[in-house]
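See structure below.
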Amino acid sequence: LPPAPEGTAPLERLLAHGDPSVHERVAAALWEASSDAGAVAALTRLAEGAELAALARGGEEGEAPVLGEATELSNIPSDGAQASGARSGKKHRRARAPPVVRTEEEIAALRAERAAKRERTGAP
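According to our numbering, the sequence shown is numbered sequentially starting from 74.
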């Protein structure tokens, strides 16, 4: 996400922040709030606090990314998995087993066996 313009409200800057640690702080503030008004107050304190301003300037001790810098997540396989062909991401259907080739005598014997079974069980 690009950095928020200078005239942007503090809550909007907070919600548009790209740092995962800020998102964790927002989630914690929302979780601990007992009401909607409490959540807005907690988020406003966080947005207007010195902690967020330090992150926007480049972070304390250079640990946090600069405001507007985004972390991109993806499921790109490593080069080793791509080279070996294992789990390349495409789902392949299993091929159907080839049909059994039977001789005329085997077919006649199977039919006679099934007819005898129908006769015994009384099936149509």
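Glycine included, each C-beta is placed from N, C-alpha and C at the ideal position.
>> Whole angstroms are fine: how far does the CA of V95 sit from the CA of P171?
In response: Here residue 171 is taken as the residue at index 98 of the sequence shown, counted from 1. Here residue 95 is taken as the residue at index 22 of the sequence shown, counted from 1. Rounded to whole angstroms, the gap between the alpha carbons of P171 and V95 is 58 Å.
> If A83 sits next to A120, beta carbons under 8 Å apart, how far is it from one beta carbon to the other, in whole angstroms?
Replying inline: Sequence index remark: in the sequence shown, residue 83 carries index 10 (1-based). Sequence index remark: in the sequence shown, residue 120 carries index 47 (1-based). The sequence as given places Pro at residue 83; Ala does not occur at that position. Between P83 and A120 a beta carbon distance of about 4 Å is seen, short of the 8 Å cut, so the two are scored as contacting.
> Would you call L125 buried or exposed, if buried means 16 or more other Cβ atoms sit within 10 Å of its Cβ?
Replying inline: Indexing the sequence shown from 1 puts residue 125 at position 52. It counts as buried.
>> Can you find the residues in the same chain that come closer than 6 Å, C-beta to C-beta, to A189, ignoring five residues on each side of it along the sequence?
In response: Taking the first residue of the sequence shown as position 1, residue 189 is located at position 116. The beta carbon of A189 lies closer than 6 Å to none in the same chain, with the five residues before and after it left out.
>> For A115 and E97, what's the separation of their Cα atoms in angstroms?
In response: Position 42 of the sequence shown, counted from the start, is the residue given in the question as residue 115. Position 24 of the sequence shown, counted from the start, is the residue given in the question as residue 97. Distance between the alpha carbons of A115 and E97 is about 13 Å.
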